[in-house]
Amino acid sequence: METDRLESSLWVGNKRCRAVLTGWHFNWTEVDKKNRDKKTISVPVAEVVGVEEGRVEILPQKVVVETDKDFTVFYVKRSSSGGSSGLLWRLGRTQFSCLSRVLRDQWTNQLRTVLKTHSPLRPHKLLVFINPFGGKRKGRKIYHSVVAPLFELAGISSHVIVTERANQARDHLLKKDLTGFDGVVCVGGDGMFSEILHGLIGRTQQEAGLCENDPSVTLQPCLLHIGIIPAGSTDCVCYATVGVIDPLTSALHIIIGDSQPLDVCSVHHASALVRYSVSMLGYGFYGDVLTESEKHRWMGPLRYDYSGTMVYLSNRSYAGIVQYLPADPLLSSPRDKTRCLSGCSVCSRSTEKLFHHFSDSSSLYSSHFSQYSSETEGEWMTVEGNFRCVSLTCMSSSCPRSPLGLSPSAHLADGTGDLILVWDTNPLGFLKFLYRHTSTQDQFDLPFVEVHRVKAVRFCLPSGKGEEQYEKTGGSSGGVDEGETKSVETESSNGSQQHLAETGTRGELTNEEKTANPFLCGLCCSKSPALSVWNCDGEILPFTDIFSRIHGQLVHLYARGIEDREALHSCSEECDKCERICILQK
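Following the UniProt record's numbering, the numbering of the sequence shown begins with 1 at its first residue and continues without gaps.
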């Protein structure tokens, strides 16, 4: 708009610049003594953090030098993040000098005006939960030294709660008045994020009069955004949605009001909702590792390496029946080598929809197959056999140790999840599968591994047989090779419904089963447990039979997805050719 435009000469240090503010960009171009343009720096108005009169510094501590003719602009500045997949965001700062105080006030007022009119999604009031015990117990320090000064600069007010017990944040969100808040911020790891997730989803469904225990219900999306300031032992959700684990980067995403929709998986057992999951729901190896790690919490993060080694040596597989509803293969595939990046076209054009309400909801599993006709939504698929692990993820689940994650081509907001089945195989083959998660090799390019893009999954034990019949002798070297066959069925809606009715709701572990059979080397132990447990985003679910479904874009994060580093560097190179410089610090 013409009324948003402002242009004048400003000085940066001893260099004269021609500054131009339009509705969407703030540009300043250095000019030489002959009034020739040298280089231009362009900052999107949407990425301006704040404007202050005088010469001001914010980090590492606030310093203000009051002057009548100066003002300071703070903005997002990108830099390489080393081995991480995303880009680090830093607080850029440029001090400008004007010819008069009147001109200075004109610039500061106009910049603040365009910030309000062109960044309507920026938060004004946030509810902040700090976990003081997570990670290295630095949550409070991170918030007060890095995040709080930036919120103050951006004019964001916050109500801070330091949690004292587990599920305090969840309970607060379920019961307390949330009027006036634009979003909720968690300072902690994946555990704290899970509390916020469960609290917000539960509160939203309560206010909408919906029953979360009914898997047929189409859940209401949450209105409040979630911001994540990473400060935990594991920060998988932050890494998979931003690309780096960096409190400053995450704080800047919150300030500018970025919005990234996120799919959520609901997990049901018997007649109740058990948990929500966004990163991983894993049975077999991943469940066993979590169970074993709980015995060694005194080891800190090293307990996961130790437990993973012990579980690998136990060389176990588990019998089970997996049923899944495939997503439309024409939209995307877990093997298409694409990555879900900022502005992902797959998520943008996805036609995956939330499940419709059922006409008959008298039984938990009696009707969830009938919602889709075989002509329009495809048929449920069934596989049965022995599995090393079964996992379902709504995102890539990447982390610093596994840069590409469990499923590199998974999408954050396309309404689907990726089901990964690892059939029983020899120890060396399974080790190869695990190792490929730490490299760029395709972990799915193995004869005993398959992956499917799905909208719902059902897992249960084989019907009509006792659990004792599925105890395996440790150290089995058998497995699935290329020539072996697996039990695969395609069932219609009615057929699947009948099968589930026969299997019932058995599969919950007794206390004896949870504690029996210590993890021993597969070459030495005589018996392995017949059942594993589910690892749901780092929480143990002590039963086998589950039904899970994907809820498309149920929550929104203060994030924008992982930025394409190559595209930004390409943009920078092109800008250099035309003597313009994007805010990308190499």
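Heads up, the beta-carbon is just placed ideally off N, CA and C, and yes, glycines get one too. In this text the structure is predicted, and so the values were computed from the model without any measurement.
Proximity of residue i and residue j at Cβ, strictly below 8 Å
i: C389; j: Y286; result: yes
i: L115; j: V45; result: yes
i: S259; j: H551; result: no
i: V12; j: V48; result: no
i: L557; j: I228; result: yes
i: S233; j: G135; result: yes
i: G243; j: G86; result: yes
i: S532; j: Y306; result: no
i: L197; j: V278; result: yes
i: M280; j: L406; result: yes
i: L404; j: S396; result: yes
i: V346; j: A251; result: no
i: T393; j: G415; result: no
i: S194; j: D537; result: yes
i: C340; j: G561; result: yes
i: L91; j: I58; result: yes
i: E53; j: F71; result: yes
Own chain partners of residue i with C-beta closer than 6 Å, once the 5 adjacent residues on each side are dropped
i: D235; result: G189, I245
i: V128; result: S158, V160, V185
i: R203; result: L173, L174
i: Y143; result: I130, V187
i: L88; result: S79, S81, V244, D246, T249
i: E450; result: L421
Burial state of residue i (16 or more Cβ within 10 Å)
i: K455; result: buried
i: N299; result: One detail in the question is off: residue 299 reads as Met in this sequence, not Asn. Under this definition M299 is an exposed residue.
i: E207; result: exposed
i: D424; result: buried
i: V65; result: exposed
i: T241; result: buried
Contact test: residue i Cβ vs the ligand ATP heavy atom, cutoff 7 Å
i: S439; result: In terms of ligand content, the structure shown is empty, and the ligand ATP therefore cannot be addressed.
Between the CA atoms of residue j and residue i - distance to the nearest angstrom
i: Q220; j: T163; result: 27 Å
i: H296; j: R112; result: 53 Å
i: A327; j: A413; result: 13 Å
i: L431; j: I156; result: 49 Å
i: N426; j: A169; result: 44 Å
i: K69; j: R18; result: 16 Å
i: A270; j: T544; result: 11 Å
i: L523; j: Y312; result: In this prediction, L523 scores a pLDDT of 42, lower than 50, which makes its location untrustworthy; no coordinate-derived value is stated.
i: T218; j: V264; result: 12 Å
i: H124; j: Y276; result: 28 Å
i: W534; j: L153; result: 44 Å
i: L419; j: N109; result: 53 Å
i: G320; j: L200; result: 33 Å
i: R335; j: F433; result: 16 Å
i: I256; j: V102; result: 28 Å
i: D564; j: S342; result: 7 Å
i: P301; j: R349; result: 39 Å
i: I254; j: P462; result: 47 Å
i: S8; j: V63; result: 27 Å
Residues near residue i in its chain [Cβ-Cβ closer than 7 Å; skip 5 each side]
i: D445; result: none
i: G139; result: I130, N131, P132, V187, G188, A231
i: L10; result: C17, A19, W28, F96, S97, C98
Cβ-based neighbour list, residue i, same chain, cut-off 8 Å, excluding 5 preceding and 5 following
i: V31; result: R16, C17, R18, D37, K38
i: F181; result: K125, L126, L127, H159, L224
* **3-residue-minimum beta strand (DSSP E) runs that sit fully inside the segment 283-312, ordered along the chain** => none
* **Complete beta strand (DSSP E) runs within the segment 45-115 (minimum length 3 residues, chain order)** => 48-53, 55-57, 63-65, 70-80, 87-97
* To do: Kindly provide the ranges of any alpha helix (DSSP H) runs that are 4 or more residues long and lie completely inside the UniProt domain "DAGKc" (121-271), ordered along the chain.
  => 139-142, 148-153, 168-175, 190-208, 236-242, 247-255
* Within the segment 412-465, ranges of the alpha helix (DSSP H) (whole runs, at least 4 residues) -> 427-436
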